[in-house]
Amino acid sequence: MAPYRRQFNTEGPIYLDGNSLGRPSASVVERLAEAVRDWSENLVGGWSRWIDLPAAVGDRVGRLIGAGPGQVVVCDSTTVNLYKLAAAALSAQPGRQVILADADDFPTDRYVLQGLAELSGRELRLLHGSAVDGLDTEAVDAAIDARTALVCLSHVNFRSGARLDLAAITEAAHRRGALVLWDLCHSAGAIPVDLDEARADLAVGCTYKYLNGGPGSPAFAYVRRDLQVRLRQPVWGWFGQQDQFAMGPKYDPTSGMGRFLAGTPPVLGLLAVDAAAQTLESAGVPALWAKSQQFTAMLVDLIRDRLEPLGATLASPTDPGRRGAHVSVAHPRAWPWCKALIDRRMVIGDFRPPDVIRLGPAPLYTRFVDVFDAVQKMTEVLQAGVEEVQDRPRVT
Ligand SMILES: Cc1ncc(COP(=O)(O)O)c(C=O)c1O
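Okay, so the sequence shown: first residue is 2 according to the working numbering, each after it adds one.
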C-alpha cells in the first residue's frame, strides 16, 4: 500500500480513526479544486454533467461492494437512505407485522426503525446478542418467521467491530419471505462484500469512513435490480421522476434506481467520493482486507499482551472470522484515556460509551509501525495513570 499512502498527508498524531472519518487523498483535493473552478466558470451549465453523478458514482461504489451497474445511487445521508429503503420495503410487505433489528446497532438505525414502526403500526423486535461478539447467525435465523417484514442489520457493529454473516442471514430471511436491509457503513471500502452474490435485497452505507469521501459526503443506497420496480420510497422528489424537467403534474417515478433519489444531489461531495473510490478500486478491496486482517490480529495480540495487564479488556471478537476492520478496547476510564491520547497529540482513536476506545487503522494509509506505536503510547498513558474527567465534549 506504500504508493497509496504517499497520496495522503499523514503528518501529525497517529490516526486510527479512519473508521470514523477517512483522510483526503491528493486526488480528492484536486477534484474538489477542479469542481469549484468548473462551478465558477460554467455556473448552471455544469448541471448537464453533474446530473448523472448519483448513478455514475453509485456504479463505482457498487464495484467495491459487489453490486453490478444500475443498482446503487449515491445521495443523501445513510440515515435518510435507510429511512427511504426501509419504508419502501415495509410498503412491499403489507401482511407482515414485524421489523427485526439489533438492540446494539448504531443509534440512527434503531431510531429510524422505531419511527417507521410507529408510523406503520408495526412491531420493532430488537435482538440482544453479545456486546463483544454480536448476534449469532442461528439466533437471527430463529427469530425470523412468517410475520417478519424486514430484517435490518449492520454488517459490522459500530462499537465492537463484530461482523455478521451477510450471506447466511440474507438466505435465512429469504427462506421465510422477509426482506433484508444491510448497513455497510463499517464495511464499504474495507471488507469484501458481494451483494449480488448474496442476493441481498437492500443496503446503505456512508462514504466518509473507509471510502474517504470527506465530512458529510453523501451515502449510498443499493436495491437489487429485480426489486427496483416493486419498491416505492416515501420521499417523492423530482429527482426520482421520469422526465424530471417536464415538470409534470403528478409523481411518476423512473423504473430504475433513479426512483430512490429525492432532491438535488450534493455535487461537491459526489465528486470527492468519485475520486476517493477510484483510489480504493485501484488498490483493490481484497488487498485492503488482507492488510486489515493483519492489523486487527496485531491489535488483538498487543491489547492482550500490553493493555490487559493494565486493566483494559479486548472488546472485539477473538475469532478473526467474526471481526471487521476495527478493534475496540474497554477500560473503566476509557474516555479520559482516549482524551489524554488526543490532547497529547499521540493517538487519535475515538470513544464510544459506555467504556470503549475504537481503533480503526485504515489499510490504505496506515502502517504496521503506526499500530505498534499507538499501542505503545496507549500503554504509557495508562501506566502513568489517567484521572477521571467529568465533562465530555459534544463530539467524541
Ligand atoms: C453503522 C452506522 N450507521 C449509520 C450511521 C449514520 O450515518 P449518517 O450520520 O451519515 O446518516 C453511522 C455513522 O457513523 C454508522 O456508523
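Cβ atoms here follow ideal geometry from the backbone N, Cα and C, with glycine treated the same way.
Keep in mind the model is a prediction, meaning the values are calculated, not measured.
Beta-carbon proximity check, residue i vs residue j, cutoff 8 Å
i	j	result
Val133	Ala163	yes
Leu365	Ala313	no
Ala104	Asp110	no
Asn213	Pro362	no
Ala150	Trp183	no
Arg123	Ala144	no
Val301	Leu315	yes
Val152	Ile170	yes
Cys186	Thr280	no
Ala189	Ile66	yes
Asp197	Ala68	yes
Leu180	Gln94	yes
Asn20	Lys210	yes
Ala326	Ala191	yes
Trp338	Val382	yes
Lys340	Val268	no
Arg32	Glu282	no
Leu165	Leu136	yes
Arg148	His175	no
Met379	Leu342	yes
Asp146	Arg177	yes
Leu114	Ile100	yes
Arg324	Val376	no
Asp106	Leu154	yes
Pro266	Leu22	no
Simplified DSSP assignment, three categories, for residue i
i	result
Glu388	coil
Arg160	coil
Trp183	strand
Pro254	strand
Gly135	strand
Glu198	helix
Ala123	The identity of residue 123 in the sequence shown is Arg, whereas the question assumes Ala. Arg123: coil per DSSP, three-state reduction.
Gln94	coil
Val372	helix
Val301	helix
Asp275	helix
Thr265	coil
Ala220	strand
Tyr16	strand
Val75	strand
Ala150	strand
Ile343	helix
Arg359	strand
Arg324	strand
Ser329	strand
Asp103	strand
Val30	helix
Gly206	strand
Asp227	helix
Leu383	helix
Ser155	strand
Arg50	helix
Ile170	helix
Arg393	coil
Asp351	strand
Gln234	coil
Gln242	strand
Thr367	coil
Residues of its chain near residue i, where Cβ-Cβ distance is below 6 Å and the 5 sequence neighbours each way are ignored
i	result
Val29	Ala273, Ala276 and Ala277
Asp371	Ile15
Trp239	Gln245
Val58	Val75, Leu271, Val274 and Asp275
Gln476	Residue 476 lies beyond the residue range present for the chain, which begins at 2 and ends at 397; the question has no answer from this structure.
Ile304	Leu315 and Val330
Phe296	Pro362 and Val372
Residues of its chain near residue i, where Cβ-Cβ distance is below 8 Å and the 5 sequence neighbours each way are ignored
i	result
Arg353	Phe159, Arg160, Ser329, Arg359 and Thr397
Asp142	Ala169, Ile170 and Ala173
Lys85	Asp77, Ala222, Gln234, Pro235, Val236, Phe261 and Ala263
Nonlocal neighbours in the same chain, by C-beta distance under 7 Å from residue i, ignoring five residues either side
i	result
Tyr252	Trp237 and Gln242
Ala335	Phe352, Asp356, Val357 and Ile358
Ser121	Leu91
Asp374	Ile15
Asp18	Ile349, Gly350, Asp351 and Gly361
Gly257	Gly71 and Gln229
Thr11	Tyr366
CB contact below 8 Å: residue i versus chain D
i	result
Leu22	Among the protein chains of the structure shown there is no chain D, as only one such chain exists.
_Any residue whose CB is nearer than 6 Å to a heavy atom belonging to ligand 1, listed in chain order_ = Selection around ligand 1 by beta-carbon proximity, strictly under 6 Å to any non-hydrogen atom, yields Ser78, Thr79, Thr80, Phe107, Thr109, Asp110, Ser155, Phe159, Asp184, Cys186, His187, Cys207 and Ala220 in chain order.
*Contact between the segment 42-49 and the segment 227-235: three or more CB pairs below 8 Å?*
Proximity of the segment 42-49 to the segment 227-235 falls short of the contact definition, fewer than three beta-carbon pairs being nearer than 8 Å.
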